[in-house]
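Heads up: the structure comes next, in structure tokens.
Residue numbers (my numbering): 4 to 253.
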């Protein structure tokens, strides 16, 4: 479900910092759908939103790949309908290295957030001194603030295959072995299903999200289904504890 899409004639390809980058056309489409609210201002604001999403997701994936390189793993980047993938970046033997690579993507976005906040402060100071006429810049900083605050927090939720879900799996597997994988996927199924419902029918009052957010509901529902399928696979791999139906002490 969240696999690598096949190449198309409309893909964009380039190489930066020695890293291959591919952008699937659905990345632009989904980004535009997510930012359709911006059309209430103008199509220019929608374009600015798509560019902000593109820059933020690309830097997120660069964070994964560059940290992976520090440990000797080469990776490449794909931007597609569900966001981005840093393919091969976490192919490392040490668990702690894989965890750092997984965390590097959200951390890169938090660094962008710090720069955005500094820019907003500087812009406010300039406007206080009489500088005006920069609505596009204010809009870009506001979009970058939202994307690089809420999206990395979302990405760190223990839902597979988000970065947080992969980190949860690594940590729990390191502590509990195979049972940890099952536990991590069980957490992923439960939390993703809960958030899918919350996005349509908010029933948790202290969560500032939910209510008619159909795209996000579908997003979390797909993750719940994907995690459940992986959980079933993991459960089928576990050897039966007993060969018959006698009690353990019999």
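For glycine and all other residues, C-beta sits at the position ideal for the given N, C-alpha and C.
Option in the options with minimal Cα separation from residue i
i           : options               : result
residue 231 : 198, 217, 193 and 220 : 193
residue 67  : 186, 108 and 199      : 108
residue 182 : 97, 198, 152 and 240  : 240
residue 186 : 198, 237, 141 and 145 : 237
residue 173 : 100, 81 and 82        : 100
residue 77  : 31, 21 and 54         : 21
residue 35  : 85, 233 and 75        : 85
Backbone CA spacing between residue i and residue j [nearest angstrom]
i           : j           : result
residue 16  : residue 205 : 41 Å
residue 250 : residue 178 : Below a pLDDT of 50, predicted positions are generally treated as unreliable, and residue 250, at 41, falls in that range; the measurement from the model is reported next regardless. Near 27 Å, if we compare the C-alpha coordinates of residue 178 and residue 250.
residue 247 : residue 94  : Its pLDDT being 46, under 50, residue 247 is placed unreliably by the model, and the measurement read from it follows with that caveat. Distance between the alpha carbons of residue 247 and residue 94: 40 Å.
residue 207 : residue 198 : 10 Å
residue 69  : residue 149 : 24 Å
residue 265 : residue 57  : A query on residue 265 cannot be resolved here, the shown segment of the chain reaching from 4 to 253 and no further.
residue 216 : residue 201 : 9 Å
Residue i vs residue j beta-carbon contact at 7 Å
i           : j           : result
residue 79  : residue 166 : no
residue 152 : residue 116 : yes
residue 87  : residue 64  : yes
residue 123 : residue 144 : yes
residue 155 : residue 113 : yes
residue 7   : residue 105 : no
residue 25  : residue 81  : yes
residue 119 : residue 147 : yes
residue 62  : residue 111 : yes
Cβ contact check for the segment 30-50 and the segment 117-129: 3 or more pairs under 8 Å: Segments in contact, no.
Stretch-stretch touch, CB-based, cutoff 8 Å, three pairs: the segment 150-164 with the segment 219-230: yes
Length-filtered (3 minimum) beta strand (DSSP E) runs lying within the segment 60-84: Counting only runs of 3 or more, we get 79-83.
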